[in-house]
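**Student:** Input: one structure, supplied below.
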Amino acid sequence: MALSDATRLRILFATPELAPWVKTGGLGDVSAALPAALAEAGLEVRVLVPGYPALLAAFAQRRALVQVERPGGQLLPAAISQVALRPGLELLLLECPACYERHGGPYQDRTGRDWADNVLRFGLLSKVAALLASRDTPLDWRPHVLHCNDWQTALAPAYLRYRHPAAAASVTTIHNLAFQGLFPATRLEALDLPASAMAIDGVEFHGRISFLKAGLQHGDRLTTVSPTYAREICEPEHGFGLDGLLRYRRDRRGGDLVGILNGIDTREWDPATDRSIAAPYNSRSLALKQLNRAALGERLGLDLAADTPLLGMISRITLQKGADLVIEAAPTLVARGARLAVLGSGDATMEAAWRELAAAHPGRIAVRIGFDEPLAHLIEAGADLFLMPSRFEPCGLNQMYSLAYGTPPVVRATGGLADTVVDCTPRSLADGSANGFSFAPATTEALLAAVERALDAWRDVETWRRIQRNGMARDWGWGQAARQYADLYRSCLPAAR
Ligand code: ADP
């Protein structure tokens with residue numbers, strides 16, 4: 180597709196989540212904020228997302244566009260409807276009641292079991308994404324680039340390869356390599372893929388179908404959500420068996436794999452305008468942060484005194500997030516006078532451990548199991564320190580929220596945490612870059628030592644203000660990432676057919 184610099188790029192952004200309606204983690208936030216930032220930068224973006232009940236209810240006024248009568252294999256027929264969100268940005272809802280209109284999460288039922296037909300639900304999403312990006316599209320709009328996100332849409336580049344070859348270029352973004360979408364090889368026909376796709380240079384991964392591998396094999400470009408994670412996933416330790424393929428793609432031609440750091444949605448996450456917190460503030464009115472601290476303490480029933488540091492944590496309660504490290508460190512932290520405010524859900528055993536800790540330390544450890552967006556905002560604003568000791572972290576949003584809220588994070592130096600948090604040392608304090616605290620070994624001792632350093636700094640108000648302001652001074656918004664994605668889209672256009 181020949182394209183002059185003046186041509187307005189058309190992007191189809193395919194995603195299984197869209198905040199605030201359907202979100203299990205950072206991908207939902209990214210899918211709302213990045214397309215909006217791209218549209219703001221002048222691109223024409225359409226976001227393809229399943230018609231989940233929350234979205235259908237939110238957009239009752241949507242316009243029916245077309246039917247996809249025969250998606251192929253055992254994929255169910257679907258309809259596409261359209262919602263104009265703002266200039267340059269539209270939603271395309273993939274409506275298939277039997278697939279997407281259910282009570283429960285996007286991937287699991289209410290008991291936490293994967294939906295048995297996920298292979299067909301996200302096969303359909305991927306297939307329709309490919310269809311809309313091809314010359315066979317039933318729409319009168321065709322993108323230059325199809326941007327796929329995580330395994331749920333990553334089969335689309337395989338469909339472009341095997342079923343719709345006259346098509347847009349494709350980009351596959353890895354938001355988390357740990358989730359790959361693995362299914363039995365026997366489902367190939369149901370997915371409408373040819374037997375030849377079940378090959379080492381196709382969708383096959385150790386005898387199964389891997390949606391994510393399909394996207395990594397067939398996407399014209401690959402991205403992940405931070406430069407450090409882009410390096411880490413090329414190593415066996417973080418590569419989940421895909422590091423060989425990722426190294427190959429990284430080293431090919433000019434390099435097909437890049438890391439682009441996520442931004443945060445500053446319309447939602449700005450302490451100066453946040454309506455979920457007790458007292459808005461900015462870097463010049465940090466004293467007001469105390470009011471949020473008091474409100475948080477009151478809401479969670481914590482005994483707070485001026486000299487008791489309040490540590491916050493919001494995350495999926497999983498080994499990835501280092502939840503076990505914090506659980507182990509919690510009694511020591513409390514013994515040293517700290518208070519803990521924890522919000523999250525995940526692993527049942529660790530959830531129970533948190534509940535026991537809260538019961539054993541009333542007024543000192545407060546735990547809320549569940550998903551609570553307003554409380555997440557209040558924790559970011561009210562805590563003194565934020566804990567995020569992830570074992571691996573593709574990008575991480577919460578540490579950026581913390582930095583923007585003047586709540587210095589204590590993090591493990593990995594992935595996006597390493598790219599955003601500058602450990603406080605005499606040198607980084609002197610050059611004005613120190614904005615938090617980091618440590619390397621994934622151990623409770625290392626976490627405790629980093630928290631200890633942070634608390635020493637916290638007790639010195641002048642030093643603390645400098646660290647807080649360093650974090651708040653940087654622009655954490657999506658502008659820079661949007662420019663990098665736009666450059667990437669242009670760079671892969673020669674691949675469009
Ligand atoms: P991940 O996507 O790996 O879960 P991120 O830090 O990238 O982690 O993004 C997590 C997102 O989900 C953030 O917006 C965070 O505030 C939010 N979040 C996670 N757990 C909860 C919770 N229990 N309640 C409210 N928001 C949560």
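Residue numbers (the numbering used here): 180 to 676. Each residue gets a CB set at the ideal place from its N, CA and C atoms; glycine is no exception.
1. By DSSP's criteria, Met492 is part of a beta bridge. Which residues make up the other side?
2. So Arg669 and Leu356 are in contact, right, with Cβ under 8 Å, and what is the actual spacing, rounded?
3. How many angstroms separate the CA atom of Ala237 from the CA atom of Pro214?
4. Indicate the three-state DSSP secondary structure (helix, strand or coil) for Gly575 in the structure shown.
5. Start and end of the beta strand (DSSP E) containing Gln261?
6. Check whether the Cβ atoms of Val262 and Leu273 sit closer than 9 Å, and answer yes or no.
7. How close, in whole Å, do the beta carbons of Leu475 and Gly561 come, if the pair is a contact with beta carbons under 8 Å?
8. Given a cut-off of 9 Å, decide if Val209 and Cys671 are closer than it, judged by their beta-carbon atoms.
9. Taking the straight line between their C-alpha atoms, what separation do you get for Tyr427 and Ala409?
10. So is Gly398 buried or exposed if we call it buried at 16+ other beta carbons inside 10 Å?
11. Near Ala393, what residues of its chain come up, given a Cβ to Cβ distance below 7 Å and the 5 sequence neighbours on each side ignored?
12. Quick one, are the C-beta atoms of Asn649 and Val601 less than 9 Å apart?
13. Have a look at Leu303 and Gly252 and give me their C-alpha separation to the nearest angstrom.
14. For Arg225, count the other beta carbons within 10 Å of its own beta carbon; 16 or more makes it buried, fewer makes it exposed. Which is it?
15. Grouping DSSP H, G and I as helix and E and B as strand, with all else coil, what is Phe550?
16. Looking at the ligand ADP, does it come within less than 8 Å of Ser405, judged from the CB to the closest heavy atom?
17. So the candidates are Ala538, Ala295 and Tyr664; which of them puts its Cα closest to the Cα of Gly360?
18. Kindly list the residues whose CB is nearer than 7 Å to the CB of Ala308, restricted to its own chain and excluding five residues on each side of it in sequence; keep chain order.
19. Tell me whether Glu414 sits in a helix, a strand or coil according to DSSP, three-state version.
20. Does the Cβ-Cβ distance between Ile548 and Ile496 come in under 9 Å?
21. Out of curiosity, what's the CA-to-CA distance linking Leu596 and Arg653?
22. For the ligand ADP, I want to know if Phe550 counts as a neighbour, meaning its beta carbon is within less than 8 Å of at least one of the ligand's heavy atoms.
23. Expressed to the nearest angstrom, what Euclidean distance is found between the alpha-carbon atoms of Tyr341 and Tyr286?
24. Between Arg249 and the rest of its own chain, which residues show a CB-CB distance below 8 Å, the 5 nearest in sequence each way excluded?
25. Check the DSSP bridge columns for His326 and list the partner residues they point to.
26. Just mark Gln396 as buried or exposed, buried being the case when its beta carbon has 16 or more other beta carbons within 10 Å.
27. How is the beta strand (DSSP E) around Phe616 delimited, first residue to last?
28. Quick check: does the Cβ of Tyr580 come within less than 8 Å of any heavy atom belonging to the ligand ADP?
29. Using the beta-carbon count (16 or more within 10 Å), is Ile544 buried or exposed?
30. Inspect the CB distances between the segment 511-522 and the segment 420-436 and report whether three or more fall short of 8 Å.
31. What are the boundary residues of the beta strand (DSSP E) that Leu268 is part of?
32. Nearer than 8 Å: is that true of the beta carbon of Thr203 relative to any heavy atom of the ligand ADP?
33. Let me know the secondary structure DSSP gives Ile443 once reduced to three states.
34. Can you round the beta-carbon distance between Lys306 and Leu254 to whole angstroms, since I take them to be within the 8 Å contact cut?
35. Around the Cβ of Met180, are there at least 16 other Cβ atoms within 10 angstroms (buried) or fewer (exposed)?
36. Any heavy atom of the ligand ADP closer than 8 Å to the CB of Gly575?
**Tutor:** On the basis of the coordinates in this document:
1. Val521
2. Not really, about 26 Å apart at Cβ, beyond 8 Å.
3. 19 Å
4. coil
5. Ala257 to Arg265
6. no
7. 3 Å
8. no
9. 13 Å
10. buried
11. Ala333, Leu334, Pro336, Ala337 and Val382
12. yes
13. 10 Å
14. buried
15. coil
16. no
17. Ala295
18. Leu191, Ala193, Leu227, Leu325, Cys327, Thr332 and Ala335
19. coil
20. yes
21. 15 Å
22. yes
23. 26 Å
24. Pro256
25. Phe192 and Val350
26. buried
27. Phe616 to Phe618
28. yes
29. buried
30. no
31. Leu268 to Glu274
32. yes
33. coil
34. 6 Å
35. Confidence at Met180 is low in this model, with a pLDDT of 47, below 50, so its placement is unreliable and no value can be given for it.
36. yes
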